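Reading through the C-alpha cells given below for one structure.
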Amino acid sequence: MMERRGGERTELQALGILAESQPVRALQCTRSLGAERTRHLWESNSRRAVNQGYVTSLLRLHQDWHGHDTANTYVHIRRGLLLCLRHIAALQSGREAFLAAQGMEILFNTTQASSMEIDSAAEWQLDDS
C-alpha cells in the first residue's frame with residue numbers, strides 16, 4: 018500500500034542509503050519498486066519517479082552497483098534496478114527522461130567497461146598458462 022501514499026519516494030531514498038550497507042533491504046526496495054503487481058501500480062510509480070527526477074538516480078545506482086559488485090553477488094539488485102528502468106521506459110515521458118539523462122549511453126558504457134574487464138582478466142589468465 019505504500020505505492021498509494023507516495024512511498025516510492027521513501028523507497029528510492031532508502032535504496033540509495035541501504036545500497037552499500039544492507040543489500041538485503043536494498044533488494045526488498047528494488048522488488049517493491051519494480052513489482053508487476055498491477056499495471057496501474059507500476060505505471061503510477063514510474064510516472065512519479067519521472068516527475069520527481071529519479072531516473073538519473075536509478076541510473077547512477079545501477080552504474081555504482083555494476084562497478085562495485087565484481088563478484089556478481091548482488092545481481093538481483095541490479096536486475097531490480099533495470100526492471101524499474103524498464104517500467105519507466107514503457108512510458109513516453111519515461112523514455113524522454115531516460116534519453117535526457119543519457120540512459121542509453123550510461124548503460125552501454127557500463128556494459129562495455131564490464132566486458133573489457135572480463136576480456137582483460139581472460140587474457141591475463143591465458144598469459145599465465
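Quick note on the working numbering: the sequence shown kicks off at 18 and runs consecutively. We put the CB at the ideal spot given by N, CA and C, even for glycine. Owing to the predicted nature of the structure, the values given are computational and were not obtained by experimental measurement.
8 Å Cβ cutoff met for residue i and residue j
i	j	result
V67	I123	no
R64	L108	yes
F115	L102	yes
Close Cβ partners of residue i (< 8 Å) along its chain, the five nearest in sequence each way excluded
i	result
A118	V72, T73, L76
R95	H79, W82, H83, D86
E60	H104, A107, L108
First and last residue of the uninterrupted alpha helix (DSSP H) at residue i
i	result
A118	First-last for A118: undefined, no H or E at that position.
A106	92 to 106
D81	72 to 85
Neighbourhood of residue i by C-beta, 7 Å cutoff - its chain only, sequence neighbours within 5 removed
i	result
S131	H83
Other residues of its chain near residue i: CB distance less than 6 Å, five sequence neighbours each side excluded
i	result
R112	A106
G120	L76
T127	Q80, H83
S110	V67
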